[in-house]
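As structure tokens, the structure follows; a few thoughts come after it.
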Ligand code: SF4
Ligand code: SF4
């Protein structure tokens with residue numbers, strides 16, 4: 161257990177850091193004491209795996225007092241208002257925007273900022289009368305969001321239908337070049353018109369958003385509507401995720417004798433430990449802390465306990481497979497050889513089966529099971545690839561890469577994604593990007609992100625930053641966006657700027 | 027002969043291309059051309075290899091050999107250093123494969139979900155017309171669109187079999203003036219202009235493209251000339267006109283030092299000129 165001297169030093173570091181705004185300093189300080197207290201016992205096996213870095217609690221600590229990802233039913237807010245916030249139903253576009261702006265302020269999450277803004281296009285569309293006036297109001301709304309929610313894990317959803325509001329949001333984003341919010345188009349080629357998909361692709365090349373989620377696949381998963389929150393997490397609306405902890409396959413693999421030992425012993429054991437831990441944490445959150453008992457989002461029905469899931473994250477399949485191939489004495493690397501990919505799928509099959517074999521008291525929306533998530537990594541992962549992604553620097557030709565995603569994305573019901581930067585040749589032909597996404601989605605791919613290699617706003621792993629902010633931070637200058645700090649770490653540790661840029665020229 | 031049996035000399039297959047027609051496409055480049063343009067950006071595709079052997083000993087990777095007077099290129103050993111195409115005295119390349127349409131389709135099988143069509147370019151692709159018929163027949167079986175990128179020397183509309191399979195032609199209009207065209211390519215411009223008219227009338231003109239070489243080619247005259255010919259047809263305004271800036275990259279000596287690239291301003295001026303002539307869908311690259 162850490163002592164008071166450690167705490168003093170942690171606090172000191174925060175106080176001295178000139179790269180933090182006041183709000184960021186406050187939030188960092190509020191997390192400090194939680195590392196020094198425990199309210200439930202973990203198993204010895206869990207603690208050993210955690211100490212070895214094989215299991216990881218994502219800096220959440222054990223004292224979770226609000227769900228990690230919250231997706232309120234904002235449509236209810238516009239329809240019925242909210243008595244805690246003393247807001248009536250929205251009757252005009254101004255009302256709708258104000259109600260949302262106010263409620264966003266009260267939606268916690270692991271970041272203390274809302275990680276989900278709702279299907280904003282659909283919510284605003286019925287209120288659009290005078291288009292010029294609507295454009296002005298939506299533009300101000302987007303600027304307000306960027307400045308007051310300094311965290312690009314905050315995620316807006318569009319589509320799958322094209323709407324006037326959706327088109328305006330895309331056009332305004334292209335002009336504003338803000339990192340916040342993240343945006344995802346819930347994309348179904350059978351519903352989304354090609355010209356709107358192309359407008360979204362063009363916007364993405366200019367400012368790294370929107371990303372595209374495979375709506376046809378995702379809407380099958382839960383019996384209630386889903387939304388994309390935080391990085392690219394697909395979660396039930398009017399619910400979300402209690403918590404996310406992860407297994408670091410790249411650090412577990414070195415302990416195996418060979419791939420059989422890994423798949424049949426180490427992996428199942430680690431997953432059961434992880435699931436047991438997650439269940440304990442959810443039990444604490446739900447049964448002992450205040451959130452599900454008294455928070456107005458719950459008591460007024462914007463959130464339902466039954467719509468929350470526990471998330472089991474994984475990272476480092478790429479490295480795990482390569483380590484095990486070597487131990488087995490078989491040539492081939494992940495993404496480049498059929499036998500390596502086959503081993504990857506065997507590992508994933510087992511991981512999925514283990515997660516599904518664990519029954520939780522919670523997660524009714526998912527049949528009382530946790531949901532698998534391809535985690536994008538945290539700042540101190542060195543040479544560990546996100547989820548099932550092929551390592552940066554070892555990418556394969558574009559169409560093969562998309563086909564590869566199509567094989568590995570279907571394992572993840574609570575989010576997975578891949579990123580494909582393009583050079584300027586794509587700017588003139590966004591239809592080509594749409595063709596790639598259509599092809600990928602038809603192959604099973606679930607989430608596609610892109611940006612242009614010459615854009616300022618780029619995608620780090622799951623979130624967006626301005627390259628210009630990273631440069632400022634590197635020089636010790638504070639910037640408003642909280643996670644630009646992590647962007648700096650990622651750029652230094654994970655070769656983000658070395659990611660293969662796709663050219664259409666050949 | 028059943029579809030897919032006619033072999034062609036294939037210089038290169040690009041699995042995803044954004045500059046060879048609408049959307050994402052596979053592009054197949056065929057070897058051999060009937061023009062000899064000085065500004066050609068890939069002059070190694072102009073001639074068919076005569077087996078002279080000059081490149082064999084120059085290859086640092088030992089990837090080229092000769093047997094029965096034919097060069098054999100070892101794809102695996104080749105490092106792509108391009109020495110062979112620089113030393114070839116005949117505007118050719120040893121890195122050319124003889125492939126049937128079936129073999130080409132096999133190579134792009136994995137691309138099919140991601141592309142909306144195939145574009146065949148060159149060289150001059152219509153010189154290997156039987157192969158095109160085979161390839162486009164197979165393309166249609168996979169619901170892919172089929173486009174030709176061609177220099178205008180072929181009488182397309184007289185070839186009903188090919189044009190029934192082909193969705194459109196991206197036509198090079200290098201110069202409107204026949205003397206200029208002849209000096210550049212060795213042939214007059216009349217057949218090109220006639221083809222533009224006939225393809226437009228048949229709804230098979232996908233794009234017009236003109237390479238801009240300042241001080242050498244009268245670009246404005248070419249744009250104005252082709253506008254005059256096409257403006258009587260419906261769809262003229264939306265026809266894509268691609269203005270391509272000449273670049274030294276890949277151009278052979280001595281031309282690469284004789285010509286200069288147009289500035290971005292010159293390209294914008296030409297775009298404005300084309301707009302004045304009624305074109306509305308102008309792409310500058
Ligand atoms: S590019 Fe030509 S010279 Fe270079 S290795 Fe290949 S075949 Fe040999
Ligand atoms: S590629 Fe050129 S140099 Fe080589 S054998 Fe053929 S014609 Fe001769």
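Chains as they are written, first to last, in the working numbering: chain A, 161 to 666; chain B, 27 to 311. Where a beta carbon is used, it is the ideal one built from N, C-alpha and C, also for glycine.
CB of residue i within 8 Å of CB of residue j, strictly
i	j	result
residue 199 (chain A)	residue 222 (chain A)	yes
residue 507 (chain A)	residue 470 (chain A)	no
residue 191 (chain B)	residue 162 (chain B)	yes
residue 104 (chain A)	residue 263 (chain A)	Residue 104 (chain A) lies beyond the residue range present for chain A, which begins at 161 and ends at 666; the question has no answer from this structure.
residue 522 (chain A)	residue 444 (chain A)	no
residue 259 (chain A)	residue 306 (chain A)	no
residue 61 (chain B)	residue 212 (chain B)	yes
residue 404 (chain A)	residue 426 (chain A)	no
Nearest residue (CA-CA) to residue i, options the options
i	options	result
residue 753 (chain A)	A:281, A:193, A:323, A:227	Any answer about residue 753 (chain A) is impossible in this case: the structure gives chain A only from 161 up to 666.
residue 487 (chain A)	A:421, A:594, A:581, A:254	A:421
residue 92 (chain B)	B:80, B:241, B:32	B:80
residue 253 (chain B)	B:199, B:100, B:159	B:199
residue 540 (chain A)	A:246, A:216, A:184, A:186	A:216
residue 495 (chain A)	A:573, A:465, A:568	A:568
residue 282 (chain A)	A:326, A:261, A:276	A:326
residue 234 (chain B)	B:260, B:222, B:73, B:241	B:222
Run of the alpha helix (DSSP H) containing residue i, from where it starts to where it stops
i	result
residue 441 (chain A)	427–443
residue 300 (chain A)	291–308
residue 590 (chain A)	590–602
residue 296 (chain B)	290–302
residue 326 (chain A)	324–336
Any C-beta of chain A under 8 Å from that of residue i
i	result
residue 305 (chain B)	no
residue 168 (chain B)	no
residue 67 (chain B)	no
residue 25 (chain B)	Residue 25 (chain B) lies beyond the range of chain B shown here (27 to 311); nothing can be said about it.
residue 33 (chain B)	no
residue 175 (chain B)	no
residue 137 (chain B)	yes
residue 146 (chain B)	no
Which of helix, strand or coil DSSP assigns to residue i
i	result
residue 34 (chain B)	strand
residue 205 (chain B)	helix
residue 557 (chain A)	coil
residue 196 (chain B)	strand
residue 261 (chain B)	coil
residue 470 (chain A)	strand
residue 496 (chain A)	coil
residue 143 (chain B)	strand
residue 373 (chain A)	strand
residue 286 (chain A)	helix
residue 275 (chain B)	coil
residue 175 (chain B)	strand
residue 233 (chain A)	coil
residue 218 (chain A)	coil
residue 341 (chain A)	coil
residue 221 (chain B)	helix
residue 212 (chain A)	coil
residue 155 (chain B)	helix
residue 100 (chain B)	coil
residue 73 (chain B)	coil
residue 186 (chain B)	helix
Boundaries of the beta strand (DSSP E) in which residue i is found, first to last residue
i	result
residue 403 (chain A)	399–408
residue 10 (chain B)	Nothing about residue 10 (chain B) can be read from this structure; chain B reaches only from 27 to 311.
residue 459 (chain A)	Taken as a continuous stretch (DSSP letters only), residue 459 (chain A) belongs to no beta strand (DSSP E), being part of the alpha helix (DSSP H) at 456–459.
residue 393 (chain A)	393–396
residue 316 (chain A)	315–318
residue 46 (chain B)	That residue, residue 46 (chain B), is in no beta strand (DSSP E); it is neither H nor E in DSSP.
Residues that residue i contacts on chain D, provided the C-beta gap is smaller than 8 Å
i	result
residue 595 (chain A)	The chain inventory of the structure shown lacks chain D, comprising the protein chains A and B.
Closer than 8 Å to chain B by CB, residue i
i	result
residue 604 (chain A)	no
residue 557 (chain A)	yes
residue 599 (chain A)	yes
residue 562 (chain A)	yes
residue 690 (chain A)	Nothing can be reported for residue 690 (chain A): it is not among the residues displayed for chain A, which extend from 161 to 666.
residue 588 (chain A)	yes
residue 665 (chain A)	In this prediction, residue 665 (chain A) has a pLDDT of 40, which is less than 50 and means its spatial position is unreliable; what the coordinates show is noted afterwards. Yes, because at least one Cβ of chain B sits closer than 8 Å to the Cβ of residue 665 (chain A).
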